[in-house]
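Colleague:
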Amino acid sequence: MSLKKSIAFLALLVGLVPIFWYFSLLHTYALNIPKWDDHGLRAFIERVESAETLGQVFQAFWRQHNEHRIVYDRIISFLDYTLTGKLNFVHLMCVGNASLLLLLVVWGKALQPYRSLAYLLPLPFLLFNLSQWENMYWGMAALQNFSVVAWVACGLYALSYHRTLGWAIGWGILAGITSTNGLLLWPIGAVLLVLRSSRKKAWLWTGVGVLFWILYFLYYNKTEQPTQPVTNKVLTFIRSVLLFSGSVTEPLWPRKSTLVVLATGALLVLAALGMTTQLGWKAWRSKLTSLDTFLLGMLAFVGGTTVMVAIGRMGFDEATFMTSRYKIYTILLAMLVYTWLLMQVSTTVRKAIGITASVLGVAILLGCYSYFYDDTLRLRNQLLSMQFNWTYPRVPVKEPLINDPAPAWYDAYADDMIKGEFSRWKPYPISLQPSAAYTLLTSEGVPTGKDFLDSYYLLRSLKKSYLVPFGFTTITQPFASPTGEQYVQPVSQTAVSHAEYEPGLYLVFVVRQTDTGSPRFYQTGRSITIEPRPEAPTLPQNW
C-alpha cells in the first residue's frame, strides 16, 4: 500500500470515531416519545387508517404541514407503522440521522477525483456532534432537516458528474416532498445546466421543475408566523444572516458565544462571496469542473435557505437563528469553504489547511459535547415529563395505540406519586415566587448541582398530577467535562408556566431518580394555586 493510500486509510479510521460516538449518543438518549410536530405524524396515521378512498389516502400524504409538504416523513412513518405494527419515533430518528452518512459519502465521491480522501477528515467532526442535538433526537425533524440536505447533495452530484437527468429528477422530487427549501434544487439545477452548456437538458429540467412547482403550490396556504415588528429590516436581516451562518463555532467560547458566532458568520459569508465570484468567473470562461459545479450548487442551496430563514423568521428572537435545528446549514457552509480552499492552494498550504481544519474539527466536537450535553438532558427530561403528564392517571383505551409509550423510570411508582401517603417523605427546602403567569421554584441548601439532572417537581392535586423537570444551568467554561462535579451550578430555578396546567391547588413535591432505579420522594411543604384563565389565542394549525 502506497503512503498516500495509507494516510487516506488512517484518516478514514480516525473519521469513524465521531460517527460511532454520535450514534452511541443517539442510542443512549433517544426516546420513543413524540415531540411537538411528531404528533402530526400520529394524526397522519389516523387519517390513513380511517380513509375510505384512494383520494383520501393521497390527501393524507400530500397535505401541508406548516409551510411544508412532508410526504417523505409520512412515507417512512407509514412503512414503520405497517412493518412493525406501531409508529416508533426512534426508528424515524435513526433513518433521518443516517442521511448524514449519505451526505458524507456523496461529498467524498465529489472530492475523490480531485483530492485525496484524507482531506475529508475534518468533515465527520463537523457533521457528527451534539450541536445537532435537536434534529438528532426529534423523529420528524431528523427525517426532514437532515434528509433534504442529503437529497439536494445527491441531486447536485448527479447533475455535476452524470450525463443523464433521470437520477437528478428523482432526487429533485424527493427533496421537494421532504422540505420546502428542497424546491431550490430546481432553479439551481437549471442554472448549472446552462452554465455547463447543456441547453437541451436545461429545458427538460426546467419543464419538469415548473410542473412540480405548480403541483406543489396548488391549494397551498401560507402559514402565519408569531413574528414581532422590527425597526430596521436591513440591519436585522444582515445580523440574522451572520448568526445563521456562523453558529458552527458557538461552543468554542461560551461566555462570548454571540460575538464568536457573528465573527465566524462574517468570515464565512465573505468566503462564500469570494467563492461565488471565483466560480462565477470560471463559469463565464466555461472552465467549471464537476467539483466546481457541485460546490456552486451547494453554495446556492445554503445561501437560498439562509435568505429564506432570515426573511421568514424576521422578528423572531436572535437565538432562533443559532438554534440546533439550523446548525446543519452553518456546518455545510464551513464544509463548502474548506473544500473550496483545498482547490485554490499549493500542496504544502493544502496540507496545512487540512491539519488545521482537523484540529478545529476536533475542538468543535469536544466543545459541542460540553456545550450541548445539557440541552440533550433537558430534552430527555422534558419528554419523559410530557409522557407522564398525558398518561397518568390512566384512562381506558378503546383502540390500539399508534405508538407504545417509552419505558420510563416512573412506570412502577406512578401510583405512589399520584396517591401515595407523603407524611413519611423527607423534607426538601425550596422557595416560591408566584405571579399571574408562572411560579418560580428555587431549590435551597443543595451542595451539588448534579442531582438536578435527575430531579423533577411533582405537582399533585385531587384531579391531576404533573411532572416538571428541574431547571439547571451549567458552567460557561469551554470544554468543561459533563462528568465533572462543577459542570452543573448548585442552584436550580424552575419556572412553572400556569398556561400549561389545569387550574387548581397543587401540592409541590420533589422526585429524584437514583442509581438503584428506585426514586426518592421529598415533601416541600409548598403549594401552587393556578387560577382559571381565558383560553389564549393560538395560531391556526394545518396538521
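In our numbering, the protein residues as written are 386 to 928. Don't be surprised by glycine CBs; every beta carbon is placed ideally from N, CA and C.
(1) For Trp523, count neighbouring C-beta atoms within 10 Å of its own C-beta (all shown protein chains included) and say buried if the count is 16 or more, exposed if not.
(2) Got a sec? Which residues, its chain only, sit under 6 angstroms from Thr715 by beta carbon, not counting five neighbours each side?
(3) Quick check on the DSSP output: the beta strand (DSSP E) that includes Thr914 runs from which residue to which?
(4) Judging by CA-CA distance, which residue of Leu652, Gly650 and Phe679 is the nearest neighbour of Leu664?
(5) Residues bridged to Lys618 by DSSP?
(6) How far does the alpha helix (DSSP H) with Ala748 in it extend, from its first residue to its last?
(7) Assuming the contact rule is C-beta atoms closer than 8 angstroms, Ala415 and Val433 should be a hit. Round their C-beta distance to whole Å, please.
(8) Counting Cβ pairs closer than 8 angstroms, one from the stretch 567-578 and one from the stretch 529-537, do we hit at least three?
(9) Residues in its own chain within less than 8 angstroms of Met699 by CB, not counting five upstream and five downstream?
(10) Where does the unbroken beta strand (DSSP E) through Thr879 begin, and where does it stop?
(11) Find the nearest neighbour of Phe773 within the set Leu764, Asp836, Pro790 and Pro785, judged by alpha-carbon distance.
(12) In chain order, which alpha helix (DSSP H) runs of at least 4 residues are fully inside the stretch 546-620?
(13) Could you tell me the distance, in whole angstroms, from the CA atom of Ile815 to the CA atom of Thr909?
(14) If you measure from the beta carbon of Leu487 to each beta carbon in chain D, is any gap under 9 angstroms?
(15) Using the three-state DSSP reduction, which class does Lys811 fall into: helix, strand or coil?
(16) Exposed or buried, what is Leu464 when buried is set at 16 or more other beta-carbons lying within 10 Å of its beta-carbon?
(17) If we count Cβ pairs, one from each stretch, closer than 8 angstroms, do we get three or more for the stretch 878-888 versus the stretch 785-801?
(18) Taking 9 angstroms as the cut-off, decide whether the C-beta atoms of Thr914 and Ala880 are in contact.
(19) Tell me Arg480's beta-bridge partners as DSSP assigns them.
(20) Starting from Phe463, trace the beta strand (DSSP E) both ways and give me its first and last residue.
(21) If we ignore side chains and look at the alpha-carbon of each, how far apart do Gly689 and Asn566 end up?
(22) Let's test the definition: count the other Cβ atoms within 10 Å of the Cβ of Glu703 and tell me whether it reaches 16, buried, or not, exposed.
(23) In this structure, how does DSSP classify Thr827 when only helix, strand and coil are distinguished?
(24) Drop a sphere of 10 angstroms on the beta-carbon of Val654, count the other beta-carbons inside from all chains shown, and report buried for 16 or more, exposed for fewer.
(25) Can you have a look at Thr563 and say buried or exposed, based on whether 16 or more other CB atoms are within 10 angstroms of its CB?
(26) Can you round the beta-carbon distance between Leu426 and Met525 to whole angstroms, since I take them to be within the 8 angstroms contact cut?
(27) Can you tell me whether DSSP reads Pro854 as helix, strand or coil?
(28) Would Asp759 pass as a contact of Val873 if the rule is Cβ separation under 9 angstroms?
(29) Can you check whether the CB of Phe408 is closer than 9 angstroms to the CB of Leu750?
(30) How big is the Cα-Cα spacing for Lys390 and Pro498?
(31) Apart from the five residues just before and just after Phe807, which ones in its own chain have a Cβ nearer than 6 angstroms to its Cβ?
(32) Closest to Trp598 by CA distance: which of Ala527, Leu505, Thr691 and Arg454 is it?
(33) Using three-state DSSP, classify Ser675 as helix, strand or coil.
(34) What three-state label does DSSP hand Pro875 in the structure shown?
(35) Would you check if the distance between the CB atom of Met660 and the CB atom of Val722 is smaller than 9 angstroms?
(36) Report the option in Ser755, Ser903, Ser545 and Leu843 whose CA atom is closest to the CA atom of Val893.
Modeller: To lay it out plainly:
(1) Looking at its Cβ environment, which holds 16 or more other Cβ atoms inside 10 Å, Trp523 is buried.
(2) Result list for Thr715: Ser630, Ser632 and Val633, in chain order.
(3) Segment Arg905 to Ile915, the beta strand (DSSP E) holding Thr914.
(4) Leu664 has its Cα closest to that of Phe679, out of Leu652, Gly650 and Phe679.
(5) Note: Lys618 sits in no beta bridge, so no partner.
(6) Where Ala748 is concerned, the enclosing alpha helix (DSSP H) stretches over Thr732 to Thr776.
(7) The Cβ separation is near 25 angstroms, so there is no contact.
(8) By the Cβ rule, the stretch 567-578 counts as touching the stretch 529-537, because three or more pairs are nearer than 8 angstroms.
(9) Setting aside the 5 residues that flank it on each side, Met699 is surrounded in the same chain by Thr612, Val615, Lys618, Thr621, Phe622 and Ser625, each with a C-beta closer than 8 angstroms to its C-beta; the list follows chain order.
(10) Segment Gln878 to Ser882, the beta strand (DSSP E) holding Thr879.
(11) Put simply, of Leu764, Asp836, Pro790 and Pro785 the residue whose alpha carbon is nearest the alpha carbon of Phe773 is Pro790.
(12) Within the stretch 546-620, the alpha helix (DSSP H) runs of at least 4 residues that lie entirely inside it are, in chain order, 551-561, 570-580 and 584-602.
(13) When rounded, the distance between both Cα atoms is 6 angstroms.
(14) You won't find chain D in this structure, because it holds only one protein chain.
(15) Strand, per DSSP.
(16) Counting Cβ neighbours within 10 Å, Leu464 comes out exposed, since fewer than 16 surround it.
(17) They do not touch, by the three-pair rule.
(18) Remark: C-beta atoms of Thr914 and Ala880 do not approach each other more closely than 9 angstroms.
(19) Here the sequence assigns Val to residue 480, which means Arg is not the residue at that position. Per DSSP, none; premise fails for Val480.
(20) That residue, Phe463, is in no beta strand (DSSP E); its alpha helix (DSSP H) goes Val456 to Thr469.
(21) Roughly 8 angstroms between the two C-alpha positions.
(22) Glu703 should be labelled exposed.
(23) Correct three-state label for Thr827: strand.
(24) With a 10 Å radius around the Cβ and a threshold of 16 neighbouring Cβ atoms, Val654 comes out buried.
(25) Buried, because 16 or more other Cβ atoms sit within 10 Å of the Cβ of Thr563.
(26) At roughly 6 angstroms, the Cβ-Cβ gap stays under 8 angstroms, so Leu426 and Met525 are in contact.
(27) Reduced to three states, the DSSP call for Pro854 is strand.
(28) In contact: Asp759 and Val873 (Cβ atoms closer than 9 angstroms).
(29) The criterion of a C-beta distance shorter than 9 angstroms is not satisfied by Leu750 and Phe408.
(30) One C-alpha to the other measures close to 14 angstroms.
(31) Taken in chain order, the residues that qualify are Gln908.
(32) Of the candidates Ala527, Leu505, Thr691 and Arg454, the residue whose Cα lies closest to the Cα of Trp598 is Arg454.
(33) Three-state DSSP puts Ser675 in a helix.
(34) Residue state, collapsed to three classes: coil.
(35) Result yes, Cβ atoms of Met660 and Val722 sit closer than 9 angstroms.
(36) The shortest Cα separation from Val893 among Ser755, Ser903, Ser545 and Leu843 belongs to Leu843.
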